[in-house]
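Engineer: This is the structure I have questions about; it appears just below.
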Amino acid sequence: MTAAPDRPDAARPLCVLKFGGSVLTAPADYAAAGAEAYRHVRAGETVIIIVSALQGETDALFAEAEAAGAGASAAMTARLVRLGEYRSAARMGLELARLGVRARVLDPHEIGLEAEGDPLDADLVRLDRQRLDAALEDVEAVVLPGFTAGHKAHGAVTLGRGGTDLTAVFFAAQAGARRVRLIKDVDGVYTDDPARDPQARRYDRLDHDAALKASRGLIQPKAIEAARAAGLVIEIAAMGAGHATRIAPGPAVIGADVRRRPLRVALLGCGAVGSGVLDHLAARPDLFALNPVLVRHPEKRSGDARARFTREAGEALAKRPDIVIEAMGGVDQPASLLLEALAGGAHVVTANKAAMAARYEGLHDAARRAGRQLRYAASVGGGVVILEALERLKPHGVAAVEGVMNGTGNFILSRLRAGAAFDDAVAEAQALGFAEADPSADVDGHDAADKLSLLIREAFGQDVPPAAIPKDSLRKATPERLAGAASQGEVFKQIGRCALLPDGRVEASVQVKSVPLDHPLAGAVNEENRFVLTLNDGSVHALYGKGAGRWPTAASVFADVMDITRACACDASGRAALAASA
Ligand SMILES: NC(=O)C1=CN([C@@H]2O[C@H](COP(=O)(O)OP(=O)(O)OC[C@H]3O[C@@H](n4cnc5c(N)ncnc54)[C@H](O)[C@@H]3O)[C@@H](O)[C@H]2O)C=CC1
Ligand SMILES: N[C@@H](CC=O)C(=O)O
Numbered sequence: 001m002t003a004a005p006d007r008p009d010a011a012r013p014l015c016v017l018k019f020g021g022s023v024l025t026a027p028a029d030y031a032a033a034g035a036e037a038y039r040h041v042r043a044g045e046t047v048i049i050i051v052s053a054l055q056g057e058t059d060a061l062f063a064e065a066e067a068a069g070a071g072a073s074a075a076m077t078a079r080l081v082r083l084g085e086y087r088s089a090a091r092m093g094l095e096l097a098r099l100g101v102r103a104r105v106l107d108p109h110e111i112g113l114e115a116e117g118d119p120l121d122a123d124l125v126r127l128d129r130q131r132l133d134a135a136l137e138d139v140e141a142v143v144l145p146g147f148t149a150g151h152k153a154h155g156a157v158t159l160g161r162g163g164t165d166l167t168a169v170f171f172a173a174q175a176g177a178r179r180v181r182l183i184k185d186v187d188g189v190y191t192d193d194p195a196r197d198p199q200a201r202r203y204d205r206l207d208h209d210a211a212l213k214a215s216r217g218l219i220q221p222k223a224i225e226a227a228r229a230a231g232l233v234i235e236i237a238a239m240g241a242g243h244a245t246r247i248a249p250g251p252a253v254i255g256a257d258v259r260r261r262p263l264r265v266a267l268l269g270c271g272a273v274g275s276g277v278l279d280h281l282a283a284r285p286d287l288f289a290l291n292p293v294l295v296r297h298p299e300k301r302s303g304d305a306r307a308r309f310t311r312e313a314g315e316a317l318a319k320r321p322d323i324v325i326e327a328m329g330g331v332d333q334p335a336s337l338l339l340e341a342l343a344g345g346a347h348v349v350t351a352n353k354a355a356m357a358a359r360y361e362g363l364h365d366a367a368r369r370a371g372r373q374l375r376y377a378a379s380v381g382g383g384v385v386i387l388e389a390l391e392r393l394k395p396h397g398v399a400a401v402e403g404v405m406n407g408t409g410n411f412i413l414s415r416l417r418a419g420a421a422f423d424d425a426v427a428e429a430q431a432l433g434f435a436e437a438d439p440s441a442d443v444d445g446h447d448a449a450d451k452l453s454l455l456i457r458e459a460f461g462q463d464v465p466p467a468a469i470p471k472d473s474l475r476k477a478t479p480e481r482l483a484g485a486a487s488q489g490e491v492f493k494q495i496g497r498c499a500l501l502p503d504g505r506v507e508a509s510v511q512v513k514s515v516p517l518d519h520p521l522a523g524a525v526n527e528e529n530r531f532v533l534t535l536n537d538g539s540v541h542a543l544y545g546k547g548a549g550r551w552p553t554a555a556s557v558f559a560d561v562m563d564i565t566r567a568c569a570c571d572a573s574g575r576a577a578l579a580a581s582a
């Protein structure tokens with residue numbers, strides 16, 4: 001979802017995440033693993049994802065090998081039992097594609113990953129760093145099957161039970177990763193198994209020797225030894241958690257108790273975006289208790305077991321929710337519900353650029369007054385982390401922002417280019433969940449103007465309302481004009497642009513115009529968004545990815561929700577307040 005093609009991707013720190021069978025228990029778990037990976041991508045990291053097989057699959061493969069006479073050949077057994085990891089890597093790759101994270105799935109031989117020793121308990125010895133660097137170059141994530149590697153004599157081997165931990169540590173050491181995080185179904189290493197002993201205490205830190213004793217099957221011992229040899233700190237963490245146990249030299253430190261009640265969440269709207277968010281929320285009953293979800297037609301939801309539904313805003317906002325998520329669309333009603341939510345002490349997450357652009361100051365004032373968070377990452381760029389990038393780059397001084405910032409508009413132009421009729425292209429964008437409830441917002445540039453107005457607020461701190469931004473309609477791209485542009489080697493794009501003028505004013509427009517094929521925005525296809533940020537020092541930063549659609553947008557909304565969740569601690573009254581450290 002992000003990238004800076006003009007900056008070497010090596011400038012993005014590397015993070016290795018390992019998802020084991022304790023968290024990949026069923027196919028639905030890849031969505032949560034994808035959300036976890038997205039969290040690191042959005043923080044500006046490039047992620048190497050190492051996966052285990054789904055829970056139970058390796059056992060089933062060993063049983064299959066046993067039934068087929070495994071004793072006859074350890075090498076043949078290894079070839080069979082590694083297949084669960086290959087399948088899992090492909091599933092993870094599919095999930096990342098759905099989210100719009102630019103990712104590549106690699107087989108071990110593609111990067112020269114080799115092991116030596118016993119075919120069922122081999123040790124990793126080398127990988128081809130140049131090939132790994134090349135594979136990482138233009139993506140935000142690579143996915144690899146853990147537990148297996150190539151072998152000079154046997155062709156392919158496995159690394160012993162729990163060997164995915166070893167793969168993760170080996171990659172972190174070889175690639176110079178900033179962190180290696182082993183994601184487990186517990187939030188760290190405890191003094192005893194917390195499932196058996198509720199009094200067990202979680203370590204914040206313990207050294208490699210203590211980890212070897214305390215981890216009791218939680219971490220593969222070979223992985224701990226490999227980390228020690230490489231001088232690497234391993235983090236053991238749960239999915240979505242902010243805290244972790246760090247395995248690092250030094251005295252053991254027992255951590256604070258972070259077990260807390262689930263946060264009460266109100267979800268307003270359950271259409272294209274809201275339904276994706278509901279999937280994420282419903283998968284974490286340990287973290288979230290859901291109020292009835294606000295929709296227009298609850299009677300049509302009888303088959304949806306994920307939640308109760310209501311048409312009454314009062315019911316949706318009952319019991320003083322800790323977090324209110326708005327995915328309804330519109331301006332007046334969502335804005336007044338969000339003001340009510342903030343005044344009632346809730347943190348707020350919205351995907352609604354129309355309401356944010358129209359009520360920017362009122363909503364921010366209310367959040368400030370209440371001391372609550374107001375987050376809206378998904379409102380511009382869908383899954384593309386443009387607002388986060390602006391926040392990071394703003395201190396350097398922003399000169400201009402230009403972009404294809406309406407996925408529907410770009411999708412329609414792509415379909416028109418392929419010969420579709422205008423109304424058919426609009427209907428297709430609606431069916432795919434890209435378009436606004438009233439698609440003229442996309443067609444006539446209002447949605448892009450809402451986003452531009454928000455970008456101007458964030459980049460220049462100025463109030464340029466959407467109504468003040470001149471906008472072209474996509475209907476300008478007639479078949480004749482499209483054909484004329486194509487004959488000149490150009491392509492039509494809907495481009496939003498804002499720039500700071502020498503007198504301190506901001507100029508802004510949404511134009512539908514043809515650009516040469518080598519223009520930085522020309523390559524955007526279908527619902528893709530692209531942004532080019534120019535800083536005062538002349539440096540140019542590009543971002544691109546899926547700008548509309550259920551899964552990329554829901555991942556962005558959910559990432560905001562998880563950021564708030566991590567920052568929350570329950571105060572004495574049981575309300576979720578921001579922790580002092582947040
Ligand atoms: N669809 C997309 O790709 C993206 C959408 N967004 C924004 O997310 C928000 C939601 O968009 P979609 O999910 O596409 O819309 P949608 O039309 O698919 O869903 C809207 C949901 O809100 C409910 N709703 C709307 N008004 C209501 C009311 N007055 N009372 C009760 N329920 C009501 C509807 O029943 C429906 O469940 C909008 O603000 C949109 O601009 C942001 C980024 C991407
Ligand atoms: N309708 C919007 C949805 C995302 O913001 C678009 O197509 O870009």
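For the sequence shown, the residue numbers in full-length UniProt numbering are 1 to 582. Where a beta carbon is used, it is the ideal one built from N, C-alpha and C, also for glycine. Since the structure is predicted, the reported quantities are computational estimates derived from the model, not experimental observations.
What whole-angstrom Cβ distance do Val510 and Ala378 have, given they're in contact under 8 Å?
Structural biologist: Working through the sequence shown from its first residue, we reach residue 510 at position 510. Working through the sequence shown from its first residue, we reach residue 378 at position 378. Not really, about 20 Å apart at Cβ, beyond 8 Å.
Engineer: I'd like to know whether the C-beta of Ala483 is nearer than 9 Å to at least one C-beta of chain C.
Structural biologist: The structure shown contains no chain C, having only a single protein chain.
Engineer: Leaving out the 5 sequence neighbours to the left and right, which residues in its chain are closer than 6 Å to Leu120 when beta-carbon positions are compared?
Structural biologist: Here residue 120 corresponds to residue number 120 of the sequence shown, with the count starting at 1. So the list reads Ala74, Ala78 and Thr158, once near-sequence residues are dropped.
Engineer: When the Cα atoms are used, what is the spatial distance from Ala471 to Leu54?
Structural biologist: Here residue 471 is taken as the residue at index 471 of the sequence shown, counted from 1. Here residue 54 is taken as the residue at index 54 of the sequence shown, counted from 1. For the record, residue 471 in the displayed sequence is Lys; it is not Ala. Between Lys471 and Leu54, the C-alpha separation is close to 50 Å.
Engineer: Should His297 be counted as a contact of ligand 1 given a C-beta to heavy atom distance under 8 Å?
Structural biologist: Counted from its first residue, the sequence shown places residue 297 at position 297. Yes, the beta carbon of His297 sits closer than 8 Å to at least one heavy atom of ligand 1.
Engineer: Excluding sequence positions up to five away, which residues of its chain have a Cβ less than 6 Å from the Cβ of Glu402?
Structural biologist: The residue given as residue 402 occupies position 402 in the sequence shown. Arg497 and Val532, listed in sequence order.
Engineer: Just the Cα atoms here: how many angstroms apart are Arg475 and His297?
Structural biologist: Your numbering for residue 475 matches position 475 in the sequence shown. Your numbering for residue 297 matches position 297 in the sequence shown. Rounded to the nearest angstrom, the two C-alpha atoms are 33 Å apart.
Engineer: Just mark Ala343 as buried or exposed, buried being the case when its beta carbon has 16 or more other beta carbons within 10 Å.
Structural biologist: Sequence index remark: in the sequence shown, residue 343 carries index 343 (1-based). The residue is exposed, with fewer than 16 neighbouring Cβ atoms inside 10 Å.
Engineer: Starting from Gln494, follow the beta strand (DSSP E) in both directions and report where the run begins and ends.
Structural biologist: Taking the first residue of the sequence shown as position 1, residue 494 is located at position 494. Its beta strand (DSSP E) spans residues Glu490 to Leu500.
Engineer: For Pro516, list the residues DSSP reports as bridge partners.
Structural biologist: Mapped onto the sequence shown, residue 516 falls at position 516. Partner(s): Glu490.
Engineer: Would you report the Cα separation of Leu454 and Ala272, rounded to the nearest angstrom?
Structural biologist: Within the sequence shown, residue 454 is the residue found at index 454, counting from 1. Within the sequence shown, residue 272 is the residue found at index 272, counting from 1. C-alpha separation (whole angstroms): 22 Å.
Engineer: How many Å lie between Phe434 and Gly381 at the Cα?
Structural biologist: Numbered from 1 along the sequence shown, position 434 holds the residue referred to as residue 434. Numbered from 1 along the sequence shown, position 381 holds the residue referred to as residue 381. If I take the Cα positions, the gap works out to 12 Å.
Engineer: Given a cut-off of 9 Å, decide if Val398 and Leu543 are closer than it, judged by their beta-carbon atoms.
Structural biologist: Numbered from its first residue, the sequence shown carries residue 543 at position 543. Numbered from its first residue, the sequence shown carries residue 398 at position 398. No, these two residues do not count as a Cβ contact at 9 Å.
Engineer: What does the Cβ neighbour count give for Lys184, buried or exposed, with the cut at 16 atoms within 10 Å?
Structural biologist: Along the sequence shown, read from residue 1 onward, the residue named residue 184 stands at position 184. By the neighbour-count rule (16 or more Cβ atoms within 10 Å), Lys184 is buried.
Engineer: Compute every distance between the C-beta of Ser414 and the non-hydrogen atoms of ligand 1, then say whether any falls below 8 Å.
Structural biologist: As a first step, residue 414 is located in the sequence shown; it is residue number 414 there, counting from the start. Incorrect: Ser414 has no Cβ contact closer than 8 Å to ligand 1.
Engineer: With Leu337 as the anchor, note down where its beta strand (DSSP E) starts and where it stops.
Structural biologist: Indexing the sequence shown from 1 puts residue 337 at position 337. It is not in any beta strand (DSSP E) - Leu337 instead sits in the alpha helix (DSSP H) that spans Asp332 to Ala343.
Engineer: Alpha carbon to alpha carbon, how far is Leu14 from Ile48? Give it in angstroms, no decimals.
Structural biologist: If you number the sequence shown from 1, residue 48 lands on position 48. If you number the sequence shown from 1, residue 14 lands on position 14. Ile48 and Leu14: Cα-Cα distance of roughly 7 Å.
Engineer: Considering only the alpha carbon of each residue, which of Arg457, Asn410, Ala418 and Gly117 lies closest to Asp444?
Structural biologist: Within the sequence shown, residue 444 is the residue found at index 444, counting from 1. The candidate whose alpha carbon is nearest that of Asp444 is Asn410.
Engineer: Measure the Cβ-Cβ separation of Ile412 and Ala425 and say whether it is below 9 Å.
Structural biologist: Along the sequence shown, read from residue 1 onward, the residue named residue 412 stands at position 412. Along the sequence shown, read from residue 1 onward, the residue named residue 425 stands at position 425. Yes.
Engineer: Mind checking whether Gly276 and Ala499 have CB atoms under 9 Å apart?
Structural biologist: One-based indexing of the sequence shown puts residue 276 at position 276. One-based indexing of the sequence shown puts residue 499 at position 499. No, the pair does not count as a contact, with Cβ atoms beyond the cut-off.
Engineer: What would DSSP say about Lys184, mapped onto helix, strand or coil?
Structural biologist: Within the sequence shown, residue 184 is the residue found at index 184, counting from 1. Three-state result, Lys184: strand.
Engineer: Which residue from Glu66, Ala230, Ala32 and Ala256 puts its Cα closest to that of Ala248?
Structural biologist: Numbered from 1 along the sequence shown, position 248 holds the residue referred to as residue 248. Of the candidates Glu66, Ala230, Ala32 and Ala256, the one whose C-alpha sits nearest the C-alpha of Ala248 is Ala230.
Engineer: For Thr2, count neighbouring Cβ atoms within 10 angstroms of its own Cβ and tell me buried if that reaches 16, exposed if not.
Structural biologist: Sequence index remark: in the sequence shown, residue 2 carries index 2 (1-based). Confidence at Thr2 is low in this model, with a pLDDT of 36, below 50, so its placement is unreliable and the value that follows should be read with caution. Its Cβ being crowded by 16 or more others within 10 Å, Thr2 is buried.
Engineer: Specify, as a first and last residue, the run of the alpha helix (DSSP H) that Tyr86 falls within.
Structural biologist: As a position in the sequence shown, residue 86 is number 86, starting the count at 1. That run of the alpha helix (DSSP H) goes Leu83 to Leu99.
Engineer: By DSSP's criteria, Val157 is part of a beta bridge. Which residues make up the other side?
Structural biologist: Position 157 of the sequence shown, counting from 1, holds the residue named residue 157. Bridge partners of Val157: Ala149.
Engineer: List the residues that DSSP assigns as beta-bridge partners of Arg481.
Structural biologist: For this step, residue 481 is matched to residue 481 along the sequence shown. DSSP lists no partner for Arg481.
Engineer: Can we count Asp447 as close to ligand 2, meaning its CB is less than 8 Å from some heavy atom?
Structural biologist: Within the sequence shown, the letter at position 447 stands for residue 447. Yes, Cβ of Asp447 sits closer than 8 Å to a heavy atom of ligand 2.
Engineer: For Gly484, count neighbouring Cβ atoms within 10 angstroms of its own Cβ and tell me buried if that reaches 16, exposed if not.
Structural biologist: By 1-based counting over the sequence shown, the position of residue 484 is 484. Result: exposed.
Engineer: Going by the beta-carbon positions, is the gap between Tyr86 and Thr148 smaller than 9 Å?
Structural biologist: The residue given as residue 86 occupies position 86 in the sequence shown. The residue given as residue 148 occupies position 148 in the sequence shown. Their beta carbons are under 9 Å apart, which means Tyr86 touches Thr148 by this criterion.
Engineer: Using only alpha-carbon positions, find the residue among Ala238, Glu458, His40 and Asp447 that is nearest to Ile469.
Structural biologist: For the purposes of this step, residue 469 is taken as the residue at position 469 of the sequence shown. Comparing Cα-Cα distances from Ile469 to each of Ala238, Glu458, His40 and Asp447, the minimum goes to Asp447.
Engineer: At which residue ranges does the stretch 238-318 contain complete beta strand (DSSP E) runs of 3 or more residues, listed in the order of the chain?
Structural biologist: Correct list: 245-247, 263-268 and 288-290.
Engineer: Ligand 1 and Pro292: does the residue's C-beta get closer than 8 Å to at least one heavy atom of that ligand?
Structural biologist: Taking the first residue of the sequence shown as 1, we reach residue 292 at position 292. Flag unset: Cβ of Pro292 not near ligand 1.
Engineer: Out of curiosity, what's the CA-to-CA distance linking Ala579 and Asp563?
Structural biologist: By one-based count along the sequence shown, residue 579 stands at place 579. By one-based count along the sequence shown, residue 563 stands at place 563. Because Ala579 sits at a pLDDT of 41, beneath the cut-off of 50, its placement in the model cannot be relied upon, and the point is left open.
Engineer: Comparing alpha-carbon positions, which option in Arg178, Val101 and Ala177 lies nearest Ala141?
Structural biologist: Here residue 141 refers to the residue found at position 141 of the sequence shown. The shortest Cα separation from Ala141 among Arg178, Val101 and Ala177 belongs to Val101.
Engineer: Any residue with its Cβ nearer than 6 Å to a heavy atom of ligand 2 should be included. What is that list in chain order?
Structural biologist: Residues flagged by the Cβ proximity filter: Gly382, Asn406, Gly407, Thr408, Phe434, Ala435, Glu436, Asp442, Asp447, Gly547 and Ala548.
Engineer: Can you check the stretch 364-439 for any beta strand (DSSP E) of at least 3 residues that lies completely inside it and give the ranges in chain order?
Structural biologist: Entirely contained in the stretch 364-439, the beta strand (DSSP E) runs reaching 3 residues are, in chain order, 398-404.
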